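Protein chains in written order, with the working numbering: chain Y, 7 to 258; chain C, 7 to 258. We treat Cβ as the ideally placed atom computed from N, Cα and C, and that holds for glycine. Keep in mind it's a predicted model, so treat the numbers as computed, not measured. The next block holds one structure in the form of structure tokens; read it before the comments.
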DNA sequence: AAAATAAGTGTAAAAAGTACATTTAATATC
DNA sequence: GATATTAAATGTACTTTTTACACTTATTTT
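Okay, here's the thing in structure tokens:
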């Protein structure tokens, strides 16, 4: 890795003699910020930290970091995520690159934002204190620094959008979950209510759910059957379109 | 503008005394690259240029530029687009930020890619020669430098995806177009064929089309009626979801 | 034993999607 | 000027999906 890096510096020097053009250009700080969503069975939550540097020290912020010389954005985002939650293999997707010249008052910083969906129950609380991180209900989150609120807004929209067409919300659920829990989640995301008979039928028709023998007795006297996600089908069907194209099978 | 810039340099210097942290970070080159799609009535095309710098000078490339100190990505992309096509107010959407450390062999360069949809008939050919730009059918485009082919692939996918749910393809058509032309475009994008009776009914049901009195006689003896896009409805309905959510009216 | 709670389930009517063939308008050809 | 050619335009019956809507069931609490 170090060797490769040295070669690349050498290359820069060699080329810079023949090709002064790159040299004139300004370089910028580049950061990765993560919008981390969790679901506690009742409402959608957001993991935030208290910023450690001036300016805005102590204010709430998304979790982020400058990008390192040898890492790409995905690696950077995963590094941050792992530091903050102890989790690996989390659902992660690039949201948008934010590049307003004034977004960071100290110095122009490009931010590539990612959003992550995690099973909040797997979140390791002990990491919390070290980084002053905290879960906030999305509807009562504090003010955030810089353009972070704009990022969260965009992430919420994107999550809604994706959830409308793909079974992405399973990423927020624990391994075992009930249909009413799932419906709660969908209703929270879309800020509406669904008829439970129709919801159940639609979800079952995807064939993504495997019924378990035990029940969740926490939320009702009767108890609701647990289900697990059929991960094979999930992986196979995730990218399938759900509508509009007359005959989806025709699309290669 | 210059004044503002000077203040921001001053700020950096002031803060750097109290807050050395930012100073340690590496800065990177940041560019904007544009995937420009056009439709000539028969097939989807891509606007490419011959690169002017070493390395890879003379090879085909997406149109791009380093980002300037005072401009954000949108501005940069519009600047490039205007330089290359003479057009303004073009449909433009951020695609993805590409950050592989080795993507540019000279020096690590972040690229924020945008895709643009233009009415190819409005493209001003005289700008062509100055920049060595050329339209290529998407299915027979040349090899591209760096990771530009990957960018084009992603842009194609995104275009398909969006077109499946939103009436975005009108951006590629001239002001007046026929239903068979529109169907051609959809068939090209989705690489399939549709039944023309069903296609026509579905398109008409969106109420986005306004029938004109004249016909296009270029492509058939009988001639096909021209239509125009109802821009009011288009603007109002663009973001409306098309399916999956049981009762879309319930979504706020 | 009765009340309370949330889970689970079915059906009929409406809307949307699909498959499919003939007629029409205009030009080109003999 | 009659005939052939071409692509545009249009309708209907069938299938699938979506929607609206209410009662029964299992279990715990009183």
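Inset, instruction - Can you tell me which of the three DSSP states residue 112 of chain C falls into? - result: coil
Legend entry - Rounded Cβ spacing between residue 233 of chain C and residue 158 of chain C (contact assumed at less than 8 Å): Residue 233 of chain C to residue 158 of chain C, Cβ: 30 Å. No contact.
Inset, instruction - Could you tell me whether the Cβ atoms of residue 104 of chain Y and residue 41 of chain Y are closer together than 7 Å? - result: no
Inset, instruction - Please say whether residue 87 of chain Y and residue 141 of chain Y have beta carbons closer to each other than 7 Å? - result: no
Legend entry - Residue of C:75, C:30, C:207 and C:49 minimising C-alpha distance to residue 30 of chain Y: C:75
Inset, instruction - Find out if the Cβ-Cβ distance for the pair residue 112 of chain Y, residue 28 of chain C is shorter than 7 Å. - result: yes
Legend entry - Neighbouring residues, chain C, relative to residue 47 of chain Y (Cβ below 8 Å): Chain C residues near residue 47 of chain Y: none, gap ~22 Å exceeds 8 Å.
Inset, instruction - Confirm, please, whether the CB-CB distance from residue 123 of chain C to residue 177 of chain C is below 7 Å. - result: yes
Inset, instruction - Please report how far the alpha carbon of residue 73 of chain Y lies from the alpha carbon of residue 99 of chain C, in whole angstroms. - result: 24 Å
Legend entry - For residue 127 of chain C, the nearest candidate out of C:227, C:65 and C:179 (CA to CA): C:179
Inset, instruction - Measure the C-alpha to C-alpha separation of residue 190 of chain Y and residue 223 of chain Y and round it to an integer number of angstroms. - result: 16 Å
Inset, instruction - Kindly identify the DSSP beta-bridge partner or partners of residue 104 of chain Y. - result: Y:117
Legend entry - Below-7 Å beta-carbon distance, residue 88 of chain C vs any chain Y residue: no
Inset, instruction - Report yes or no: is there a C-beta of chain C within less than 7 Å of the C-beta of residue 78 of chain Y? - result: yes
Legend entry - Near-chain Y residues of the stretch 34-66 of chain C (beta-carbon distance less than 8 Å), N- to C-terminal order: 34, 35, 36, 59, 60 and 61
Inset, instruction - Under the assumption that residue 78 of chain Y contacts residue 106 of chain C (Cβ atoms under 8 Å), give the Cβ distance between them as a whole number of angstroms. - result: 5 Å
Legend entry - Coil, strand or helix - residue 44 of chain C by DSSP: strand
Inset, instruction - Measure the CB-CB distance between residue 63 of chain C and residue 57 of chain C and report whether it falls below 7 Å. - result: yes
Inset, instruction - Kindly identify the DSSP beta-bridge partner or partners of residue 230 of chain C. - result: C:222
Legend entry - Proximal chain Y residues relative to residue 106 of chain C, where beta-carbon distance stays under 8 Å: 78
Legend entry - CB of residue 55 of chain C within 7 Å of CB of residue 71 of chain C, strictly: no
Inset, instruction - Could you please tell me which residues of the stretch 135-154 of chain C, in chain order, have their CB closer than 9 Å to any CB of chain Y? - result: none
Legend entry - Euclidean distance between Cα positions of residue 156 of chain C and residue 163 of chain C: 11 Å
Legend entry - Distance CB(residue 195 of chain Y)-CB(residue 169 of chain Y) smaller than 7 Å: yes
Inset, instruction - Classify residue 182 of chain C as helix, strand or coil using the three-state DSSP reduction. - result: strand
Legend entry - Buried/exposed call for residue 204 of chain C, threshold 16 Cβ in 10 Å: exposed
Legend entry - Cβ distance (whole Å) where residue 187 of chain Y is taken to contact residue 47 of chain Y below 8 Å: 6 Å
Legend entry - Exposed unless 16 or more other CB atoms sit within 10 angstroms - verdict on residue 245 of chain C: exposed
Legend entry - Exposed unless 16 or more other CB atoms sit within 10 angstroms - verdict on residue 148 of chain Y: exposed
Inset, instruction - Please work out which residues of its chain come closer than 7 Å, Cβ to Cβ, to residue 94 of chain Y, disregarding the five sequence neighbours upstream and downstream, and give them in chain order. - result: 88
Legend entry - Spatial neighbours of residue 202 of chain Y in its chain, beta-carbon cut-off 7 Å, leaving aside the 5 residues before and after: 189
Inset, instruction - Any chance you could list the alpha helix (DSSP H) runs of at least 4 consecutive residues sitting entirely within the stretch 161-212 of chain Y, in chain order? - result: 185-196 and 202-211
Legend entry - Nearest-angstrom beta carbon gap, residue 240 of chain Y and residue 214 of chain Y [assumed within contact, 8 Å]: 6 Å
Legend entry - CB contact flag (residue 109 of chain C, residue 35 of chain Y, <7 Å): no
Legend entry - Backbone CA spacing between residue 59 of chain Y and residue 151 of chain Y [nearest angstrom]: 12 Å
Inset, instruction - With DSSP as the reference, label residue 75 of chain C as helix, strand or coil. - result: coil
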